[in-house]
Amino acid sequence: MTIPGGPGGNSRPDSAPLDFIREIIRNDLESGKHSTVATRFPPEPNGYLHIGHAKSICLNFGVAEEFGGTCNLRFDDTNPTKEDVEYVDSIIDAVHWLGFDWGTRLYYASDYFERIYQYTLGLVREGKAYVDDLTADQIREYRGTLTEPGKESPWRNRPVEENLDLFERMRRGEFEDGAKVLRARIDMASPNLNLRDPVIYRIRHAAHHRTGDAWCIYPMYDYTHAISDAIEHITHSLCTLEFEDHRPLYDWTVDNLPVPSRPRQIEFARLNLTYTVMSKRKLLQLVQEGLVSGWDDPRMPTIVGLRRRGYTPESIREFAARIGVAKRENMVDVALLEDAVRDDLNRRARRAMAVLRPLRVVIENYPEGQVERIEIPVNPEDASMGTRSVPFSKVLYIERDDFREVPPPKYFRLSPGREVRLRGTYFLKCGRAVKDASGEVTELRCTYDPATRGGSSPDGRKVKATIHWVSAAHALDAEVRLYDRLFTVPDLHDAEEGRDWKSYLNPDSLEVLRGGKVEPGLDGAAPLSAFQFERLGYFCVDPDTRPGALVFNRTVPLRDTWARTQAQAT
RNA sequence: UGGGGCGUGGCCAAGUGGUAAGGCACGGGACUUUGGAUCCCGUAUCGAAGGUUCGAAUCCUUCCGCCCCAGCCA
417 MTIPGGPGGN
427 SRPDSAPLDF
437 IREIIRNDLE
447 SGKHSTVATR
457 FPPEPNGYLH
467 IGHAKSICLN
477 FGVAEEFGGT
487 CNLRFDDTNP
497 TKEDVEYVDS
507 IIDAVHWLGF
517 DWGTRLYYAS
527 DYFERIYQYT
537 LGLVREGKAY
547 VDDLTADQIR
557 EYRGTLTEPG
567 KESPWRNRPV
577 EENLDLFERM
587 RRGEFEDGAK
597 VLRARIDMAS
607 PNLNLRDPVI
617 YRIRHAAHHR
627 TGDAWCIYPM
637 YDYTHAISDA
647 IEHITHSLCT
657 LEFEDHRPLY
667 DWTVDNLPVP
677 SRPRQIEFAR
687 LNLTYTVMSK
697 RKLLQLVQEG
707 LVSGWDDPRM
717 PTIVGLRRRG
727 YTPESIREFA
737 ARIGVAKREN
747 MVDVALLEDA
757 VRDDLNRRAR
767 RAMAVLRPLR
777 VVIENYPEGQ
787 VERIEIPVNP
797 EDASMGTRSV
807 PFSKVLYIER
817 DDFREVPPPK
827 YFRLSPGREV
837 RLRGTYFLKC
847 GRAVKDASGE
857 VTELRCTYDP
867 ATRGGSSPDG
877 RKVKATIHWV
887 SAAHALDAEV
897 RLYDRLFTVP
907 DLHDAEEGRD
917 WKSYLNPDSL
927 EVLRGGKVEP
937 GLDGAAPLSA
947 FQFERLGYFC
957 VDPDTRPGAL
967 VFNRTVPLRD
977 TWARTQAQAT
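Residue numbers (the numbering used here): 417 to 986.
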């Protein structure tokens with residue numbers, strides 16, 4: 417089942433409603449306006465990609481795939497002072513990791529510099545661009561305001577020959593940074609400020625990460641972007657809403673230059689997610705001020721952060737599909753993202769038992785020194801994943817939370833006299849709790865029922881809870897890092913007047929547990945591999961893991977209806 | 001107060017004149033060797049007011065609200 421127009425490998429069902437962009441594209445294909453679709457993902461290499469970019473990546477590459485077209489990866493590298501190869505490398509990695517491929521179509525706006533320059537010469541010759549000697553401050557003053565028209569620069573009517581000469585000398589490096597700019601000659605009275613003779617070239621004596629010292633003038637984004645799209649024969653140039661006001665300039669550019677194609681810009685709403693930030697500036701600040709451990713801190717909404725947190729590319733793509741694409745401002749509940757990983761990992765993640773806060777249990781009637789191997793499904797959702805063998809013996813660790821000396825109402829787990837099932841094996845009955853001098857429970861003395869091996873009782877008696885465990889003698893030590901939302905409020909836009917956004921950082925967004933005990937089968941697990949720690953959540957192996965020193969990140973907890981009913985009770 | 005956008009349930013989001021999809025969240029129930037998963041059930045007249053029409057979330061008018069724009073950033 418595929419949508420019309422797509423011989424490409426697509427997976428959208430017929431029933432899935434098309435968003436307004438896909439609808440436009442479908443119409444353009446049906447009407448014959450275009451015979452193929454070409455999109456592009458155009459990041460500036462000045463920062464790391466985040467989940468908001470993932471939305472755009474999934475849109476651009478997704479649309480191309482579905483309609484049998486192509487999507488280019490193009491770096492918008494027109495500002496040498498802010499860009500770096502570190503960022504281009506990370507961006508390439510991130511897009512690949514998300515599962516997209518641009519074949520040989522990796523482009524850089526900087527590759528078009530010469531061609532853009534030649535186009536510009538033509539523009540100057542036609543009297544459609546001029547060299548302005550005004551300072552940046554003066555240009556701002558002359559631009560007017562939102563309600564008042566701007567006024568023309570005294571240099572606006574320079575003779576073409578003079579403009580040509582000056583522009584060529586700008587290129588040759590005869591002028592200082594800021595001494596002159598080249599402006600498009602459009603309309604200083606336009607109600608759209610972008611059309612009030614926008615600057616299209618500025619002087620920057622700075623080395624560019626790709627072109628080195630070849631240039632000291634650099635074209636501006638609006639101008640460059642439109643030309644680059646046209647050069648690449650992009651049919652639909654998808655960008656975010658804040659560029660809507662720039663569209664007339666985009667159109668002006670492709671209409672006034674002899675470019676080989678005439679792309680159409682379409683804008684959609686960027687993604688906002690609750691309890692986090694999406695601005696490059698703020699993310700950079702978090703990193704630079706050490707408020708997080710780096711771009712790949714698992715609490716960051718960056719692609720590398722999500723990856724280290726344990727998110728899968730599939731879950732992020734599914735998330736993008738679920739949130740859709742539209743033009744209205746939105747604030748997506750992070751629970752939707754969390755649900756997408758749970759959904760993916762539930763089907764695919766291997767299960768393991770891990771005790772995060774251990775409580776020692778001695779099974780008094782279990783033979784000293786005996787060890788049994790218990791076969792437990794690797795993933796009950798998928799029998800083809802087989803079983804794993806878990807050692808069982810007299811002394812175990814269970815979760816401290818699975819024992820209550822005084823059980824609250826509806827608490828089904830262990831308490832003196834109560835019986836539960838140990839996952840995959842025997843019923844365990846709680847005897848007494850051993851306490852230390854301070855009254856803290858240090859150990860449980862219990863008994864098991866040998867007749868219940870396998871997890872059910874021949875006499876038909878039931879047990880209301882199943883708890884996880886790990887054999888003390890076989891357990892591996894592990895450090896477990898628990899993450900929570902980065903901020904304490906869902907929407908930073910609602911911040912109190914004058915209050916620093918960083919004061920909303922959640923002080924409990926990271927909790928490190930060092931005494932974890934995990935089943936021995938986890939030994940040697942590869943970095944970033946995902947597991948469901950039964951009854952707890954999804955976890956992945958952190959790259960900090962060293963031989964004999966396992967470190968896990970909690971990707972997301974399992975749904976916990978018990979915690980919910982308990983919360984309701986209070 | 002200039003221009004450009006947007007307003008459908010708590011959050012996303014379909015709907016394109018014929019009588020409000022779906023997902024998440026939330027609540028209830030069934031089932032369960034993860035209080036997981038799965039499965040049922042439940043909750044909106046579409047920013048407001050007028051108007052056109054047999055019939056409007058969809059067309060018209062007015063009003064209200066929110067977002068974006070005055071970088072030689074992208």
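Even for Gly, the Cβ is constructed at its ideal location relative to N, Cα and C.
{"query": "Coarse secondary structure for Asn426, derived from DSSP in three states", "result": "Low per-residue confidence applies at Asn426: pLDDT is 44, beneath 50, and the placement is therefore not dependable enough to give any value."}
{"query": "Inter-stretch contact at 8 Å, needing at least 3 Cβ pairs: the region 672-684 / the region 880-900", "result": "no"}
{"query": "Continuous beta strand (DSSP E) stretch holding Ser805: start and end", "result": "Thr803 to Phe808"}
{"query": "Gly721 - containing alpha helix (DSSP H), residue span", "result": "Ile719 to Arg725"}
{"query": "Ala983, buried or exposed, once every other Cβ within 10 Å from all chains shown has been counted against 16", "result": "exposed"}
{"query": "Residues sharing a beta bridge with Asn476, DSSP", "result": "Looking at the DSSP assignment, Asn476 forms no beta bridge with any residue, so it has no partner."}
{"query": "Unbroken alpha helix (DSSP H) run spanning Gly931, endpoints", "result": "Element bounds for Gly931: not the alpha helix (DSSP H) but the beta strand (DSSP E), Leu926 to Val934."}
{"query": "Beta-carbon proximity list for Trp631, same chain, < 7 Å, skipping 5 on both sides", "result": "Phe529 and His624"}
{"query": "Residues that DSSP places opposite Ala946 in a beta bridge", "result": "Cys956"}
{"query": "Pair within 8 Å by beta-carbon distance, Phe591 and Arg599", "result": "no"}
{"query": "Cβ neighbours of Arg618 in the same chain (closer than 6 Å, five flanking residues each side left out)", "result": "Val597"}
{"query": "One or two residues paired with Cys487 in a DSSP bridge", "result": "Thr455"}
{"query": "Supposed contact pair Tyr899 and Ser925 - C-beta distance, whole angstroms, cut 8 Å", "result": "6 Å"}
{"query": "Ala985, buried or exposed, once every other Cβ within 10 Å from all chains shown has been counted against 16", "result": "exposed"}
{"query": "Residue range of the alpha helix (DSSP H) that includes Asp527", "result": "No alpha helix (DSSP H) contains Asp527, which DSSP labels as neither H nor E."}
{"query": "Endpoints, the alpha helix (DSSP H) within which Val757 is located", "result": "Val750 to Arg764"}
{"query": "Rounded straight-line distance, which links the Cα of Gly721 to that of Lys826", "result": "38 Å"}
{"query": "Collapsed DSSP secondary structure at Leu812 in the structure displayed", "result": "strand"}
{"query": "contact_flag[the region 452-466, the region 727-747] where n(CB pairs < 8 Å) is 3 or more", "result": "no"}
{"query": "Per DSSP, cross-strand counterpart(s) of Tyr666", "result": "Answer by DSSP bridge pairing: none, since Tyr666 is not bridged."}
{"query": "Distance between Cys846 and Gly833 (C-alpha atoms, nearest Å)", "result": "5 Å"}
{"query": "Nonlocal neighbours in the same chain, by C-beta distance under 8 Å from Ile508, ignoring five residues either side", "result": "Leu489 and Leu522"}
{"query": "Simplified DSSP state of Gly840, which is helix, strand or coil", "result": "coil"}
{"query": "Of the listed residues Pro614, Ile633 and Arg626, nearest to Gly589 (C-alpha basis)", "result": "Ile633"}
{"query": "Counterpart residues of Arg521 in DSSP-defined beta bridges", "result": "DSSP, once it has assigned bridges, lists no residue as partnering Arg521."}
{"query": "Touching by the beta-carbon criterion (3+ pairs, under 8 Å), the region 874-884 and the region 779-796", "result": "no"}
{"query": "Contact under 8 Å by Cβ, Ile467 with Val741", "result": "no"}
{"query": "First and last residue of the uninterrupted beta strand (DSSP E) at Phe684", "result": "Arg680 to Phe684"}
{"query": "Residue closest to Thr377, alpha-carbon to alpha-carbon, out of Val905, Phe819 and Thr494", "result": "Examination of residue 377 is not possible in this model, given that the chain is present from 417 through 986 alone."}
{"query": "Supposed close pair Glu835, Val905 - CB separation, criterion 8 Å", "result": "In fact, because the Cβ distance is near 44 Å, the residues do not count as touching under 8 Å."}
{"query": "Integer Cβ distance of Val850 from Ile814, believed to fall under 8 Å", "result": "Going by Cβ atoms, the distance from Val850 to Ile814 rounds to 14 Å, so no, they are not a contact pair."}
{"query": "Local conformation of Met417 per DSSP, three classes", "result": "Any answer about Met417 is weak, because its pLDDT of 30 lies below 50 and its placement is not dependable; what the coordinates show is given next. Note: Met417 maps to coil in three-state DSSP."}
{"query": "Alpha carbon of Cys956 to alpha carbon of Leu772, nearest angstrom", "result": "14 Å"}
{"query": "C-beta contact flag for Thr961 and Pro936 at 8 Å", "result": "no"}
{"query": "Ser472 to Arg744 span [Cα, whole Å]", "result": "15 Å"}
{"query": "Rounded distance between the beta-carbons of Met604 and Asp613, thought under 8 Å", "result": "6 Å"}
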